[in-house]
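Here the structure is laid out as structure tokens; the discussion comes afterwards.
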Amino acid sequence: MPRTFTQAVGFLLGLGVVLYAASLAMSPTARGDSGAPDGSPALEAQLLAEVNAVRESHHLIPLRRNAVLDAVARRHSDDMARRNYMSHVSPEGSNPVDRIESGPLTGFTLAAENLGKTNRAEPNAEIVRSWLASPDHRRNLLAPPFNTTGIGIVRASDGSFIYTQLYVTIPR
1398 MPRTFTQAVG FLLGLGVVLY AASLAMSPTA RGDSGAPDGS PALEAQLLAE
1448 VNAVRESHHL IPLRRNAVLD AVARRHSDDM ARRNYMSHVS PEGSNPVDRI
1498 ESGPLTGFTL AAENLGKTNR AEPNAEIVRS WLASPDHRRN LLAPPFNTTG
1548 IGIVRASDGS FIYTQLYVTI PR
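One gets the working numbering by counting positions in the sequence shown from 1 and adding 1397 to each.
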């Protein structure tokens, strides 16, 4: 319970950010409604468990999900699915840091992004295998400083899954 006016204002601002992020997560774009069935919430939770299991096997701290980052990742996956591209930079030139900052998330010191696309029966297993086989994606997934993540998985109109996983370091 806030004891001072400043604490109360801080609490209300924090609550506002959480509610804003929740509203983004519930919007059709953030949910990945690009005209195809959406199984992403379960896939996203499972992906976090699989990524954290890999990190644990390398004696790294688990990543914690952040609702703002989840919304940013979902919007990027949805944009790539709707406009049929696969890139860390949008056609307008927005990169992962631009998207994170417009999320809005501030105070992070490092950021990276992994992308993937699959139509396999076990999409998460395929994506994690692919990321571990790629030096750049592996480096992001296993970077010791990262402590927070955002995950967005949407189904494209062709039935494939489009993945965005953001990795950030938020000083504690």
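Don't be surprised by glycine CBs; every beta carbon is placed ideally from N, CA and C. Just so you know, these numbers come straight off a predicted model, no measurement behind them.
| Check | Outcome |
| --- | --- |
| Given T1515 as reference, the closest of S1474, A1464, R1461 and N1449 once Cα atoms are compared | S1474 |
| Proximity winner among I1559, R1535, I1550 and A1470, relative to Y1482 (alpha-carbon distances) | I1559 |
| Where Y1564 sits in the DSSP three-state scheme | strand |
| Alpha carbon of E1523 to alpha carbon of E1441, nearest angstrom | 14 angstroms |
| L1512 - containing beta strand (DSSP E), residue span | L1507 to T1515 |
| Euclidean distance between Cα positions of R1552 and P1542 | 30 angstroms |
| Contact the stretch 1490 to 1499 vs the stretch 1445 to 1461: 3+ CB pairs below 8 angstroms | no |
| Candidates T1561, L1445, V1451 and T1545, of which the one nearest G1513 by Cα | T1561 |
| Counted within 10 angstroms of its Cβ, other Cβ atoms place P1520 as buried (16 or more) or exposed | buried |
| Cα-Cα separation between V1465 and S1527, rounded to whole angstroms | 26 angstroms |
| Bridge-paired residues (DSSP) for V1551 | I1559 |
| Beta-carbon spacing of T1546, L1563 below 8 angstroms | yes |
| 4-residue-minimum alpha helix (DSSP H) runs that sit fully inside the stretch 1465 to 1503, ordered along the chain | 1493 to 1498 |
| Straight-line Cα distance separating R1496 from T1506 | 15 angstroms |
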